[in-house]
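Presented below is the structure to which this report refers.
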Amino acid sequence: MKLRTILLPITVATVMAISAGFAWSQEFKPSKQIEAVVHTGPGGGSDLLARAIAELLQKEKLIPQRMQVVNKPGGGPAVAMSYLAEKKGETHTIGFFTGVWVTNPLTTAEATVTVKDLTPIVRLVLEPAVIAVKADSPYKNMKDFIDAAKKNPKQLAQSGGSITSRDNLMRLLIQKATGTQWNFISFPSGGERLSNLLGGHVQLMVIEPQEAGEQIRAGNLRVIAALTEKRLAALPNVPTIKEQGIDVPLIPQARGVLAPPAAPREVVQYWEGVFERFEKTASWKQYLEQNQFEDGYLKGPPLSKFLDDLTVQMREVLKEAGAKVVR
Amino acid sequence: MTSDKGNLISGACLVAFGIYIISVAVKLPYIADVGPGSGFFPLWLGIGLVLFAAYLMFASFMSSAAEARSESQSWKAGGRALAGWSAMMVAIALLGRIGFGLSFVILTIFLIVALDRRPALLAVGVGVGLAVAFHLIFVVALDVSLPKGFWGF
Amino acid sequence: MEAFDNLLLGFSVALTPINLFWCLVGVILGTVVGVLPGLGPAATIAMLLPLTLKMDHTTAIIALAGIFYGARYGGSTTSILLNIPGESSSVVTCLDGYQMARQGRAGAALGISAIASFVAGTVGVLGLMLIAPPLARFALRFAPPEYFALMVLGLAMVVFLAGDSMVKALLAMLVGLWLATIGTDLFTAESRFTFGQVKLLGGVDFIAATVGIFAIGEVLVNLESQGGAEIFKLSRGLRNLLPTLQDLKDCRFAFLNGSVIGFFIGALPGAGATVASFLSYGLEKAVSRHPEKFGTGVIEGVAAPEGANNADAGGALVPLLTLGIPGGNTTAILLGGLILWGYKPGPLLIQEHPQLFWGLVASMYIGNVLLLVLNLPLVPLFAQILRLPYYVLYPLIFGISIVGVYSVNNSLFDVWMMGLFGLLGYLMRKLDFPAAALILGMVLGDGLERALRQSLMMSQGDITILATRPISGTLLLIAVTILCLPAIRKVRSWRVEAVEREG
Numbered sequence: 001m002k003l004r005t006i007l008l009p010i011t012v013a014t015v016m017a018i019s020a021g022f023a024w025s026q027e028f029k030p031s032k033q034i035e036a037v038v039h040t041g042p043g044g045g046s047d048l049l050a051r052a053i054a055e056l057l058q059k060e061k062l063i064p065q066r067m068q069v070v071n072k073p074g075g076g077p078a079v080a081m082s083y084l085a086e087k088k089g090e091t092h093t094i095g096f097f098t099g100v101w102v103t104n105p106l107t108t109a110e111a112t113v114t115v116k117d118l119t120p121i122v123r124l125v126l127e128p129a130v131i132a133v134k135a136d137s138p139y140k141n142m143k144d145f146i147d148a149a150k151k152n153p154k155q156l157a158q159s160g161g162s163i164t165s166r167d168n169l170m171r172l173l174i175q176k177a178t179g180t181q182w183n184f185i186s187f188p189s190g191g192e193r194l195s196n197l198l199g200g201h202v203q204l205m206v207i208e209p210q211e212a213g214e215q216i217r218a219g220n221l222r223v224i225a226a227l228t229e230k231r232l233a234a235l236p237n238v239p240t241i242k243e244q245g246i247d248v249p250l251i252p253q254a255r256g257v258l259a260p261p262a263a264p265r266e267v268v269q270y271w272e273g274v275f276e277r278f279e280k281t282a283s284w285k286q287y288l289e290q291n292q293f294e295d296g297y298l299k300g301p302p303l304s305k306f307l308d309d310l311t312v313q314m315r316e317v318l319k320e321a322g323a324k325v326v327r
Numbered sequence: 328m329t330s331d332k333g334n335l336i337s338g339a340c341l342v343a344f345g346i347y348i349i350s351v352a353v354k355l356p357y358i359a360d361v362g363p364g365s366g367f368f369p370l371w372l373g374i375g376l377v378l379f380a381a382y383l384m385f386a387s388f389m390s391s392a393a394e395a396r397s398e399s400q401s402w403k404a405g406g407r408a409l410a411g412w413s414a415m416m417v418a419i420a421l422l423g424r425i426g427f428g429l430s431f432v433i434l435t436i437f438l439i440v441a442l443d444r445r446p447a448l449l450a451v452g453v454g455v456g457l458a459v460a461f462h463l464i465f466v467v468a469l470d471v472s473l474p475k476g477f478w479g480f
Numbered sequence: 481m482e483a484f485d486n487l488l489l490g491f492s493v494a495l496t497p498i499n500l501f502w503c504l505v506g507v508i509l510g511t512v513v514g515v516l517p518g519l520g521p522a523a524t525i526a527m528l529l530p531l532t533l534k535m536d537h538t539t540a541i542i543a544l545a546g547i548f549y550g551a552r553y554g555g556s557t558t559s560i561l562l563n564i565p566g567e568s569s570s571v572v573t574c575l576d577g578y579q580m581a582r583q584g585r586a587g588a589a590l591g592i593s594a595i596a597s598f599v600a601g602t603v604g605v606l607g608l609m610l611i612a613p614p615l616a617r618f619a620l621r622f623a624p625p626e627y628f629a630l631m632v633l634g635l636a637m638v639v640f641l642a643g644d645s646m647v648k649a650l651l652a653m654l655v656g657l658w659l660a661t662i663g664t665d666l667f668t669a670e671s672r673f674t675f676g677q678v679k680l681l682g683g684v685d686f687i688a689a690t691v692g693i694f695a696i697g698e699v700l701v702n703l704e705s706q707g708g709a710e711i712f713k714l715s716r717g718l719r720n721l722l723p724t725l726q727d728l729k730d731c732r733f734a735f736l737n738g739s740v741i742g743f744f745i746g747a748l749p750g751a752g753a754t755v756a757s758f759l760s761y762g763l764e765k766a767v768s769r770h771p772e773k774f775g776t777g778v779i780e781g782v783a784a785p786e787g788a789n790n791a792d793a794g795g796a797l798v799p800l801l802t803l804g805i806p807g808g809n810t811t812a813i814l815l816g817g818l819i820l821w822g823y824k825p826g827p828l829l830i831q832e833h834p835q836l837f838w839g840l841v842a843s844m845y846i847g848n849v850l851l852l853v854l855n856l857p858l859v860p861l862f863a864q865i866l867r868l869p870y871y872v873l874y875p876l877i878f879g880i881s882i883v884g885v886y887s888v889n890n891s892l893f894d895v896w897m898m899g900l901f902g903l904l905g906y907l908m909r910k911l912d913f914p915a916a917a918l919i920l921g922m923v924l925g926d927g928l929e930r931a932l933r934q935s936l937m938m939s940q941g942d943i944t945i946l947a948t949r950p951i952s953g954t955l956l957l958i959a960v961t962i963l964c965l966p967a968i969r970k971v972r973s974w975r976v977e978a979v980e981r982e983g
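Note that the protein sequences, when read in sequence, are chains A, B and C.
When the count follows our numbering, it moves up by one through the first sequence with no breaks and lands on 327 for the last residue.
When the count follows our numbering, it moves up by one through the second sequence with no breaks and lands on 480 for the last residue.
When the count follows our numbering, it moves up by one through the third sequence with no breaks and lands on 983 for the last residue.
Shown next, in the form of structure tokens:
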């Protein structure tokens, strides 16, 4: 048989198969309103970020439909995560995650969904944190505070969120590295954490530079350490915690986007594409700068690895913190 | 004034409830690092409930006037209220399947026809009228989403 | 005086046609949002934020703030007419307001609520204008022990909600406190009483509980009588459509009480309008010459809490505008809005953007006037709702309740909870347990436990910290005195009886 008579049908068949393959993995495009799930109520950190991103995406015409923020607060991220998991197969729902989406299921038995169950799309932001004290306090740097803490064990106090929050975990890591102890008082809202520091009822807090910025400008707060690898651009005179001789692993506060479990490849590719273009826009860069966020763009396998590594790190730290780890 | 039997039963229920709370609370840590743990508050709440509820039961025993009110009348009336409540719970169960509009109409029909023995036409009219009003005000004007059935409302 | 100059600047900003227009839009929208249970000002403002990006910023904050304090006006309407708390801070208004409606005095109740809100709102703006910075600094002195004492004082109000049986009120309050413990514990991340339900990790939804107990419970009680007994006396004549001069005189103290308490509590981050409304109700009853009538439809019982929850809106803006600290959900969104528009809320905001702050303050005066003008004429109109035959009214109440509760979180689970609480509310009514005491417990439980544990963390386990700090010690003393009142009264009445027997 002539080669041609075999090759031709094979070529045709292959071409057809490839086009059929393309037809199967047809490009996805949203055809109705997009739901963006957040785990806080209106006004919470995730909520505001999601609304801002939705606004910017629409402004830059990166999505053809409206993005609507859906608030699913409750049990930290548990309600939002289980809602997102229920949306398996839904192509028009995404969720905005933060670090608690990773840590919370580790300590909450009722949580039915972990970050591993959901489909990672992109990491957008790394939120740095700093350690701040009241402006008129005697602590000018970490050494002052650590020395004072050593002299008065368990007398000084820090305000923060729940005991599984980054605030407390950093505290535990620093305590361990320096051999000191000070108290931790939980306040549910950032406002109360700040007001207690300003009122002098606690001595220290971990705070995002954006929140601290205005207070610093007004002369109410002093930042004594940056919990980052490199010094922050907005606070060039503040040494990092490593520079001050305290070598602790830095717990990142990441924010990004997840999709429901087992999201189809086209959907994932679509969203990855959108956010890839989004990350390059000037308005996003401006937003990052205004809020003193770090650009934490990451997608694909490195993102999955990041989430896995974070889970392992968190599990370790939580166990050390004495929290009941159930997963 | 609630009859003493009512006080007795409610007291007993609250005592039982208090005991249940205590039983859960003792499994939670009483003292945390510094200060009370998560079991502290519920434990004392449970104790308080048991004490006060027991007092209620005691007081209803001691009460001199034996008010043997005619209970049958109020129980029949109670039956109507419970029927209405059950209807509402059924409507809530249906919300997710057949949407708000229909569930509401069904509930209204039950309330007006079954409980009140009024004409069915009136019930349907009121039900549909109100359902449409709700739809217009909430879904259309205010952009609030209500449970939908297959048919979009 | 500097404040006056600033105020003049503010009025010049606020009285421009476009700002006036958006102020009107804001307060109307706020009133509508407040009337409907469930849909709260926080969610509404969040939904409208994208629209504001295209506006001038001062205009935008005027509109959004209008929604905020406008909602407080609206919240009382359904509370009075239908016993459905439109906002969590309107729960107390249900107590006497609804009773007044049943006696045919719905108009008077709605009217006094509007007037009290106007007075309190104005006092709030005055406060914001004159004492915001020093008040904010004073509020910073409130640490957990002070919050604990405040919560205890709030719980002491149960004495004023007791009705006939103090024991039953205490029991109801304890159940309410228990309900508040449901969910994830903030400090230890343990979950309590969640029965394995993910949806309970955040605790019981407050609106679901209050709407269930008050609205559904009430309807169920009314369903008992076939043919719908004449539940509402129809109001005859104009006398009952608006408050009378005598009513206004009776409420003189209530206006003051509500305004002051509401404003101060509002300035404390974390303490809400609901606490303020309970406290002012309790205070009003304490100083009243006819305390036993409270709960049956006393007009001061409406004026005081309504004033409190309006002044609270003004108070809540104090920490927001002077320190950049949000006091609650709604102010957190306003803060988010400010940040979104590129402002940096903090201590320097007033100095650097005076036209924003003073424009807002001036427009709040205007907004309060607008709301009064809008609401008073609507009162007779709203009161007509009660003329609806009960077979329309009851389905209406069911419908509003279901929609309202569902719309809070788009959650059917919440609606189920509402149903269960409805049954609870019905049983409580039948067995004479005061529902208000349960709500009091629910509202304060979280704050109380948290403040206690925070205080003990601060003091390293030393409980005397609560008594040794001046502010918390004073508040606790007042609370203890109030709690002893029933005992004192009993002792006195025994003595009187003993004397009578001897004589």
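We treat Cβ as the ideally placed atom computed from N, Cα and C, and that holds for glycine.
Predicted model only: the values in this text are computed from it and were never measured.
Does G518 of chain C have its Cβ less than 8 Å from a Cβ in chain A?
Taking the third sequence and counting its residues from 1, one reaches residue 518 of chain C at position 38. No, because no Cβ of chain A sits closer than 8 Å to the Cβ of G518 of chain C.
Using only the alpha-carbon positions, how far apart do G639 of chain C and I962 of chain C sit?
For the purposes of this step, residue 639 of chain C is taken as residue 159 along the third sequence, with counting starting at 1. For the purposes of this step, residue 962 of chain C is taken as residue 482 along the third sequence, with counting starting at 1. Note that residue 639 of chain C corresponds to Val in the displayed sequence, not to Gly. Near 7 Å, if we compare the C-alpha coordinates of I962 of chain C and V639 of chain C.
Note down, in chain order, all residues in the stretch 783-811 of chain C with a beta-carbon under 9 Å from any beta-carbon belonging to chain F.
Absent from the structure: chain F. Protein chains present are A, B and C.
Where do the N-terminal and C-terminal ends of the alpha helix (DSSP H) with F743 of chain C fall, by residue?
Within the third sequence, residue 743 of chain C is the residue found at index 263, counting from 1. Residues 732-746.
Could you have a look at N889 of chain C and say whether DSSP puts it in helix, strand or coil?
Reading the third sequence from its first residue, position 409 is the one you call residue 889 of chain C. Helix, per DSSP.
Let me know if M389 of chain B comes out buried or exposed under the rule of 16 or more other beta-carbons within 10 Å of its beta-carbon.
Counted from its first residue, the second sequence places residue 389 of chain B at position 62. For M389 of chain B, the number of other beta carbons within 10 angstroms of its own is below 16, and it is reported as exposed.
Helix, strand or coil for M535 of chain C, going by three-state DSSP, please let me know.
To locate residue 535 of chain C, count along the third sequence from 1; it is residue 55. Coil.
Report the neighbours of V70 of chain A on chain C: residues whose CB is nearer than 8 Å to its CB, in chain order.
Within the first sequence, the letter at position 70 stands for residue 70 of chain A. The answer, in chain order, is N890.
For A756 of chain C versus G746 of chain C, is the C-beta distance shorter than 8 Å?
In the third sequence, counting from the first residue as 1, residue 756 of chain C sits at position 276. In the third sequence, counting from the first residue as 1, residue 746 of chain C sits at position 266. Contact check for A756 of chain C against G746 of chain C passes: the beta carbons are separated by less than 8 Å.
Delimiting residues of the alpha helix (DSSP H) encompassing G190 of chain A:
Walking along the first sequence from the start, residue 190 of chain A turns up at place 190. First-last of the alpha helix (DSSP H) with G190 of chain A: 190-198.
Residues in the same chain with beta-carbon distance under 7 Å from A796 of chain C, minus the five sequence neighbours each way, listed in chain order, please.
The count along the third sequence starts at 1 and reaches residue 796 of chain C at position 316. Cβ within range, chain order: G746, G807, G808, T811.
Closer than 8 Å to chain C by CB, A395 of chain B:
As a working note, residue 395 of chain B is residue 68 in the second sequence. Its pLDDT being 47, under 50, A395 of chain B is placed unreliably in this model, and the value from its coordinates should be taken loosely. For A395 of chain B, the answer is no, since every Cβ of chain C falls outside 8 Å of its Cβ.
DSSP has R123 of chain A in a bridge; who is on the other side?
Indexing the first sequence from 1 puts residue 123 of chain A at position 123. Paired residue(s): A:G256, A:L298.
Measure the alpha-carbon distance for D974 of chain C versus C964 of chain C and round it to whole angstroms.
Here residue 974 of chain C refers to the residue found at position 494 of the third sequence. Here residue 964 of chain C refers to the residue found at position 484 of the third sequence. The sequence given here has Trp at residue 974 of chain C, not Asp. So the two alpha carbons sit approximately 15 Å from each other.
Supposed contact pair H201 of chain A and M938 of chain C - C-beta distance, whole angstroms, cut 8 Å
For the purposes of this step, residue 938 of chain C is taken as the residue at position 458 of the third sequence. For the purposes of this step, residue 201 of chain A is taken as the residue at position 201 of the first sequence. About 7 Å separates the Cβ atoms of M938 of chain C and H201 of chain A, confirming a contact at the 8 Å cut-off.
Continuous alpha helix (DSSP H) assignments of at least 4 residues falling wholly in the stretch 65-117 of chain A
As far as the stretch 65-117 of chain A is concerned, its whole alpha helix (DSSP H) runs of at least 4 residues are 78-86, 99-107.
From B:G411, B:I346, B:V417, residue whose alpha carbon lies closest to that of N702 of chain C:
Numbered from its first residue, the third sequence carries residue 702 of chain C at position 222. Nearest to N702 of chain C by alpha-carbon distance, out of B:G411, B:I346, B:V417, is B:G411.
Taking just the CA atoms, how far does A600 of chain C sit from L606 of chain C?
Translated into the one-based positions of the third sequence, residue 606 of chain C becomes position 126. Translated into the one-based positions of the third sequence, residue 600 of chain C becomes position 120. So the alpha carbons of these two residues sit roughly 10 Å apart.
Check distances from the C-beta atoms of the stretch 642-669 of chain C to those of chain A and list, in chain order, the residues that come in under 9 Å.
Of all residues in the stretch 642-669 of chain C, G663, T664, D665, L666, F667, T668, A669 have a Cβ within less than 9 Å of some Cβ in chain A.
Delimiting residues of the beta strand (DSSP E) encompassing A226 of chain A:
On the first sequence, residue 226 of chain A is found 226 positions in, with the first residue counted as 1. In this chain, the beta strand (DSSP E) harbouring A226 of chain A covers 221-226.
Run of the alpha helix (DSSP H) containing E698 of chain C, from where it starts to where it stops:
The count along the third sequence starts at 1 and reaches residue 698 of chain C at position 218. Where E698 of chain C is concerned, the enclosing alpha helix (DSSP H) stretches over 697-703.
Please state whether the Cβ-Cβ distance between N71 of chain A and V125 of chain A is less than 8 Å.
Locating residue 71 of chain A in the first sequence gives position 71, where the first residue counts as 1. Locating residue 125 of chain A in the first sequence gives position 125, where the first residue counts as 1. Contact annotation: N71 of chain A and V125 of chain A have beta-carbon atoms that are not nearer than 8 Å.
Segment limits, alpha helix (DSSP H) that includes N809 of chain C:
As a first step, residue 809 of chain C is located in the third sequence; it is residue number 329 there, counting from the start. For N809 of chain C, the uninterrupted alpha helix (DSSP H) run begins and ends at 809-820, by DSSP.
Test: S671 of chain C CB closer than 8 Å to a CB of chain A:
Walking along the third sequence from the start, residue 671 of chain C turns up at place 191. Chain A contact via Cβ: present.
So P875 of chain C contacts chain B; which residues on that side make the cut at Cβ distance below 8 Å?
Here residue 875 of chain C corresponds to residue number 395 of the third sequence, with the count starting at 1. By Cβ distance, chain B contributes F431, L434, T435, L438, I439, V453, G454, L457.
Residue from C:E626, C:V684, C:M844, C:A586 whose Cα sits closest to the Cα of M898 of chain C:
Along the third sequence, read from residue 1 onward, the residue named residue 898 of chain C stands at position 418. The option with the nearest alpha carbon to M898 of chain C is C:V684.
CB contact check: P834 of chain C to chain A, cutoff 8 Å:
On the third sequence, residue 834 of chain C is found 354 positions in, with the first residue counted as 1. At a cut-off of 8 Å between beta carbons, P834 of chain C makes no contact with chain A.
Along the chain, where does the alpha helix (DSSP H) that runs through Q864 of chain C open and close?
The residue you call residue 864 of chain C lines up with position 384 of the third sequence. In the DSSP annotation of this structure, Q864 of chain C is not part of any alpha helix (DSSP H), being labelled neither H nor E.
Mind checking which residues open and close the beta strand (DSSP E) that includes F379 of chain B?
Here residue 379 of chain B is taken as the residue at index 52 of the second sequence, counted from 1. Per DSSP, F379 of chain B lies in no beta strand (DSSP E); the unbroken alpha helix (DSSP H) holding it starts and ends at 367-389.
Three or more C-beta pairs under 8 Å: does that hold for the stretch 491-506 of chain C against the stretch 781-793 of chain C?
A contact is defined here as three or more CB-CB pairs under 8 Å, and the stretch 491-506 of chain C fails this definition with respect to the stretch 781-793 of chain C.
For I174 of chain A, which residues from the same chain have a beta carbon less than 7 Å from its beta carbon, with the 5 sequence-adjacent residues on both sides left out?
Here residue 174 of chain A corresponds to residue number 174 of the first sequence, with the count starting at 1. Closer than 7 Å at Cβ, skipping near neighbours: I246, V248.
Interface flag, P363 of chain B vs chain C, CB-CB below 8 Å:
For the purposes of this step, residue 363 of chain B is taken as the residue at position 36 of the second sequence. So yes, P363 of chain B belongs to the interface.
Indicate the three-state DSSP secondary structure (helix, strand or coil) for E208 of chain A in the structure shown.
As a working note, residue 208 of chain A is residue 208 in the first sequence. In the displayed model, E208 of chain A falls within coil according to three-state DSSP, outside both helix and strand.
Quick one: measure Cβ to Cβ for I741 of chain C and S760 of chain C, integer angstroms, because I've assumed they're closer than 8 Å.
Locating residue 741 of chain C in the third sequence gives position 261, where the first residue counts as 1. Locating residue 760 of chain C in the third sequence gives position 280, where the first residue counts as 1. Right, their Cβ atoms sit about 4 Å apart.
By Cβ distance below 6 Å, which residues in the same chain neighbour Q253 of chain A in space, the five residues on each side in sequence not counted?
Locating residue 253 of chain A in the first sequence gives position 253, where the first residue counts as 1. Cβ neighbours of Q253 of chain A within its own chain (closer than 6 Å, five residues either side excluded): G99, E127, R166.
One or two residues paired with V130 of chain A in a DSSP bridge:
Indexing the first sequence from 1 puts residue 130 of chain A at position 130. Answer is A:I207, A:A226, bridged to V130 of chain A.
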